[in-house]
Structures are given as structure tokens and as C-alpha cells.
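Working notes, beginning with the structure itself.
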Amino acid sequence: MSNNSQPHNLEEILAGYVLGDLDEAELIWLNKQLAINPALKEQIAQLKATFTLMPYGLSEEIPKTDLRSQILTKAQAQSRSSQPNRWSRIISTVTVLSTLWLGFNNYNLRQQIATGKTQLQSQQELIALLRQPNNRLVTFQGLNDVVTASGSLFISPEKKKAVLVLQNLEPLPGNQVYRLWAVSQKQKIGCANFIPNAEGTVHIEISSDEALMNASSVLITIEPRADTTEPLGSEILTGSYPAI
Numbered sequence: 001m002s003n004n005s006q007p008h009n010l011e012e013i014l015a016g017y018v019l020g021d022l023d024e025a026e027l028i029w030l031n032k033q034l035a036i037n038p039a040l041k042e043q044i045a046q047l048k049a050t051f052t053l054m055p056y057g058l059s060e061e062i063p064k065t066d067l068r069s070q071i072l073t074k075a076q077a078q079s080r081s082s083q084p085n086r087w088s089r090i091i092s093t094v095t096v097l098s099t100l101w102l103g104f105n106n107y108n109l110r111q112q113i114a115t116g117k118t119q120l121q122s123q124q125e126l127i128a129l130l131r132q133p134n135n136r137l138v139t140f141q142g143l144n145d146v147v148t149a150s151g152s153l154f155i156s157p158e159k160k161k162a163v164l165v166l167q168n169l170e171p172l173p174g175n176q177v178y179r180l181w182a183v184s185q186k187q188k189i190g191c192a193n194f195i196p197n198a199e200g201t202v203h204i205e206i207s208s209d210e211a212l213m214n215a216s217s218v219l220i221t222i223e224p225r226a227d228t229t230e231p232l233g234s235e236i237l238t239g240s241y242p243a244i
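Just so we're aligned, residue 1 is where the sequence shown starts under the UniProt record's numbering, counting upward by one.
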């Protein structure tokens, strides 16, 4: 993102942070805002979850012609056509290096411009998705002081998808799994099984069926095996749906 003296747009800065597109000045400004208002961390969690719902297939718009191959082919041709004397070899070498240097710099510049356009498009789509009125963000809370895990569930009814983002989960032995439940009128309906990675984090996209969209809260438990029809293990995290 470009640095300027104008006041920063918080929404754009947060989106840029998630996309890894902030310059040093913008990052310093954001850290100051986080110190003043820690609640912004929840918005960042929402942005990260929302970003997973965005199309991953955005083209990088790399130049259509294979510029890199053309540069190498031209350089090799120039090298082969050089006369076998010292001055011709020197001139040939300088020409080859100049061609490579200028060509690759042009190639990289075109890639950077295309990537910048793609990042801007991604940021605009991310902001648009967040503004959809029916989207929900559920923040998880531990059910006891021992639980250090935290995270959020982002639900997009229009896309019928949800993104579960968790951190600081403990590894589980054997066949045990973590399981997400949709809770409605005291009924608990299983939605997904998952296990954390080596860093204790989870970032998965799941189908958002009617049970999940119409629930009043969600629950995460530790189950002895996958796909249990009712909670059998310890309940560790819960989150209530915000009002729409």
C-alpha cells in the first residue's frame, strides 16, 4: 500500500494487514491503534476468516508472452554467434549480460505491477464481503481457566460456507479429534471433525448447512473418535451468535 500524509482508513488498513500489503508507516500506525483499541484484534480475526472465503483463483496476470524464455533464447543465440576471439567474446558477454539484466528487470517490473493490481482487487473484494449484512462472526471462549485455545467462526450464509480459525489447541493422542457442534434449542448437531497442525492452529473451510446457520451458539469438544452423533468428551470452547 502507498504511504501518504493523509489520515489512514482503518478498514483499508486492516484489510491490507491481512493481505500482507502494509508499508512500514502503515504498520506502525496500526500497532498504535491496536494498543489503544485491543478490540481491533477481533476485526482482524474476522478479516482472516473472511479472506479464506474469497476466490483463491485470482490470476497473477503474469505477462502473456513467455518473456523469460525469450530473453534466454536470445541471449543463447547471441552467445553461439560470437566469433572466437577475445574482443568478440567480451562484446558478446556484455551484450548477453545487458540483455539478461534489462530483460529480467522489465519482466520483474511487469510482474510487480500485475501483483499490485491483484492485491488491490483482493482487498476490495475482501471489504465487500465483510459488508454483506448477514455474515456472522462467532468468537470462541474457553469453558475453564485451563483452556488457552481461542478463535472464531465466520459464517457466510450467501455462500453457504463457514471458516473455522483456532489457535493454541493441544495435540490429541490416538484417534481423538476435536469436533464442532451447532447448538439450537438444547440440541447439539455435529458439523465437523478436525485436528490442529504442529503449531496448534486450525484454519478450515466447512459447508454451512441449516443447522449451523440457524444455531444460537456453537461448541467445540474433544471426542474419542470422529463423527460422534452426540458429545461424549470434554467441552472446551463455546461461542454465542451475535444478533443480526
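All C-beta atoms in this analysis are idealised placements derived from N, C-alpha and C, irrespective of residue type, glycine included.
Note that this is a predicted model, so its numbers are computed, not measured.
Could you give the first and the last residue of the continuous beta strand (DSSP E) run that contains residue i?
{"i": "valine 218", "result": "217-223"}
{"i": "lysine 32", "result": "No beta strand (DSSP E) contains lysine 32, which is instead part of the alpha helix (DSSP H) from 24-36."}
{"i": "valine 18", "result": "Valine 18 -> not in any beta strand (DSSP E); alpha helix (DSSP H) instead, spanning 10-18."}
{"i": "valine 202", "result": "202-207"}
{"i": "glutamate 235", "result": "234-240"}
Which term fits residue i, buried or exposed, when burial requires 16 or more other beta carbons within 10 angstroms of its beta carbon?
{"i": "alanine 39", "result": "exposed"}
{"i": "glutamate 26", "result": "buried"}
{"i": "arginine 225", "result": "exposed"}
{"i": "leucine 232", "result": "exposed"}
{"i": "alanine 162", "result": "buried"}
{"i": "alanine 215", "result": "buried"}
{"i": "isoleucine 36", "result": "exposed"}
{"i": "asparagine 3", "result": "Only weak support exists for where asparagine 3 lies, its pLDDT of 48 falling under 50; the coordinates are left without a value."}
{"i": "lysine 188", "result": "buried"}
{"i": "asparagine 85", "result": "Because the pLDDT at asparagine 85 is just 49, under 50, the model does not fix this residue reliably, and the point stays unresolved."}
{"i": "valine 18", "result": "buried"}
{"i": "isoleucine 28", "result": "exposed"}
{"i": "glycine 20", "result": "exposed"}
{"i": "valine 138", "result": "buried"}
{"i": "serine 152", "result": "buried"}
{"i": "lysine 202", "result": "According to the sequence provided, residue 202 is valine. The question's lysine does not apply to it. With 16 or more Cβ atoms within 10 Å of its Cβ, valine 202 is classed as buried."}
{"i": "isoleucine 198", "result": "The sequence as given places alanine at residue 198; isoleucine does not occur at that position. Per the 10 Å Cβ criterion, exposed."}
For residue i, which residues does DSSP report across the bridge?
{"i": "leucine 137", "result": "Phe154"}
{"i": "leucine 180", "result": "Ala192, Ile220"}
{"i": "glutamine 167", "result": "Ser150"}
{"i": "glutamine 187", "result": "Ser184"}
{"i": "alanine 174", "result": "Alanine is not the amino acid found at residue 174; the sequence shown has glycine there. According to DSSP, glycine 174 bridges with nothing at all."}
Rounded to whole angstroms, how far is the Cβ of residue i from the Cβ of residue j, which I believe are closer than 8 Å?
{"i": "glycine 200", "j": "glutamine 167", "result": "6 Å"}
{"i": "alanine 211", "j": "alanine 182", "result": "4 Å"}
{"i": "isoleucine 236", "j": "glycine 174", "result": "In fact, because the Cβ distance is near 17 Å, the residues do not count as touching under 8 Å."}
{"i": "leucine 172", "j": "isoleucine 195", "result": "6 Å"}
{"i": "leucine 164", "j": "isoleucine 206", "result": "6 Å"}
{"i": "arginine 136", "j": "isoleucine 155", "result": "4 Å"}
{"i": "serine 217", "j": "tyrosine 241", "result": "6 Å"}
{"i": "leucine 10", "j": "isoleucine 44", "result": "Contact flag wrong, Cβ pair sits at about 11 Å."}
Specify, as a first and last residue, the run of the alpha helix (DSSP H) that residue i falls within.
{"i": "glutamate 210", "result": "210-213"}
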